[in-house]
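Count along the sequence shown from 1, add 11, and you get the number used in this note's numbering.
Idealized CB from N, CA, C, for every residue including glycine.
Source: prediction; values computed, not measured.
Presented below is the structure to which this report refers.
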Amino acid sequence: MTWLDQLVVLAAGLGAGILTSTVGVASLLSFPVLVAVGLPPVVANTSNTVGMTPAGLSGSFGYRRELAEHPGVTVAVLITAGCGSVAGSLLLLWLPGSVFEAVVPWLILGTCVLVGVQPRLSRFLRQHATDTEPRVRVSGPTAVFATLTGAYGGYFGAGSGVMMMAVLGFGTDLEFRTVNALKTFAVMASNVVATVIFVAIADLDWLAVGLLAAGSVVGGYVGARIGRRLPAAVLRSMIVVVGIGAATFMLVH
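If you want it as structure tokens, here you go:
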């Protein structure tokens with residue numbers, strides 16, 4: 012990479028770090044940049060996952076207050092996202108990338124719609140539910156979908172944060188800011204597990220990894236501070252708009 016390419020990758024890491032802790036579509040910024048500077052797609056994907064791990068760590072640290080509010084849910088998210096990521100990471104190395112990438116835009120579009128309609132649909136479900144107690148634990152079905160989201164995060168990752176927000180939004184009655192924090196924590200857990208696997212058996216571009224890591228560790232913490240202060244309606248709208256835009260971009264390219 013030229014010095015200009017390196018600067019672009021560093022800036023992409025910073026921007027993607029902010030997106031990790033806010034709208035949850037970080038890889039849709041950082042992954043195309045790595046491909047644009049000349050990395051093969053699979054190497055770009057694995058290097059992107061490793062390089063973006065610091066964003067999840069710093070973002071989770073920034074959301075530590077929210078994560079401590081419901082420790083049981085936090086542990087459940089850690090386990091489901093981490094276990095799912097094992098399967099997803101291995102699939103990335105064993106299967107052609109085109110197998111899964113063909114459905115990625117549609118998955119992102121679908122989850123953006125779910126995030127957008129979740130408040131009204133959740134209110135409707137609560138009004139017709141026999142159990143009036145707030146759902147502050149992860150149920151079996153929610154755990155299954157969280158594990159599948161973790162698998163997707165280990166495989167490709169773009170939009171996995173949006174998907175996790177949809178899963179937790181429908182599966183629990185937690186505050187939106189807490190769900191956003193758990194989403195960031197889930198991305199971190201998925202990336203950490205995938206990083207261990209990729210470092211052991213995958214091809215990585217360590218220069219790209221270092222540049223992304225340097226930018227993303229700052230961006231992740233900054234994004235957490237932004238995400239905590241944004242009103243739920245504004246943050247939800249940002250997630251939907253950015254997610255739909257990213258999915259549309261992937262479909263036309």
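When we look at the beta-carbon of Asp214 and count the other beta-carbons within 10 Å, is it buried (16 or more) or exposed? exposed
State the DSSP-derived secondary structure class of Pro116, mapped to helix, strand or coil. Pro116 carries a helical assignment under DSSP once its states are collapsed to helix, strand and coil.
Coil, strand or helix - Ala225 by DSSP: helix
Might you give, ordered along the chain, the residues of its own chain that have their beta carbon closer than 6 Å to the beta carbon of Thr259, omitting 5 neighbours on each side? none
With 16 other CB atoms within 10 Å as the buried threshold, where does Thr13 fall? Under this definition Thr13 is an exposed residue.
From this set, Met249, Val228 and Ala211, which residue's C-alpha is nearest Ala66's C-alpha? Val228
Whole-number beta carbon distance between Tyr232 and Gly26, since they are thought to touch under 8 Å: In fact, because the Cβ distance is near 14 Å, the residues do not count as touching under 8 Å.
Are Met249 and Val34 close, meaning C-beta to C-beta below 7 Å? yes
Distance check for Ala37 and Val198, CA to CA, integer angstroms please. 10 Å
Own chain partners of Arg148 with C-beta closer than 7 Å, once the 5 adjacent residues on each side are dropped: Gly83 and Val84
With burial defined as no fewer than 16 other Cβ atoms inside 10 Å of the residue's Cβ, what is the status of Leu120: buried or exposed? Its Cβ being crowded by 16 or more others within 10 Å, Leu120 is buried.
Do Ala154 and Thr91 come within 7 Å of each other at the CB atom, strictly closer than that value? yes
From Phe209 to Thr57, what does the alpha carbon distance come to, in whole angstroms? In this structure, the alpha-carbon of Phe209 lies about 6 Å from that of Thr57.
Whole angstroms are fine: how far does the CA of Phe187 sit from the CA of Pro242? 9 Å
On the three-state DSSP scale, how would you describe Leu18? Note: Leu18 maps to helix in three-state DSSP.
Given a cut-off of 7 Å on the beta-carbon distance, is the pair Thr183 and Arg239 in contact? no
Could you work out which residue in Ile212, Ser32 and Val245 is closest to Val54 when comparing CA atoms only? Closest option to Val54, Cα to Cα, is Ile212.
Mind pulling the alpha helix (DSSP H) runs of 4 or more residues that sit fully within the stretch 44-88? 52-73 and 75-78
Which of the three DSSP states, helix, strand or coil, is assigned to Phe167? coil
Here's the rule: buried if 16 or more other CB atoms are within 10 angstroms of the residue's CB, otherwise exposed. What is Pro107? exposed
Does DSSP put Gly35 in a helix, a strand or coil? coil
Note down the Cα distance separating Leu222 from Gly62, rounded to an integer number of angstroms. 7 Å
Once DSSP output is grouped into helix, strand and coil, what is the label at Val149? coil
Between the Cα of Ala23 and the Cα atoms of Asn59, Tyr74, Thr158 and Gly256, which residue gives the shortest distance? Asn59
Nearest-angstrom Cα distance between Val220 and Arg131? 41 Å
Between Gly234 and Ser201, is the Cβ-Cβ spacing less than 7 Å? no
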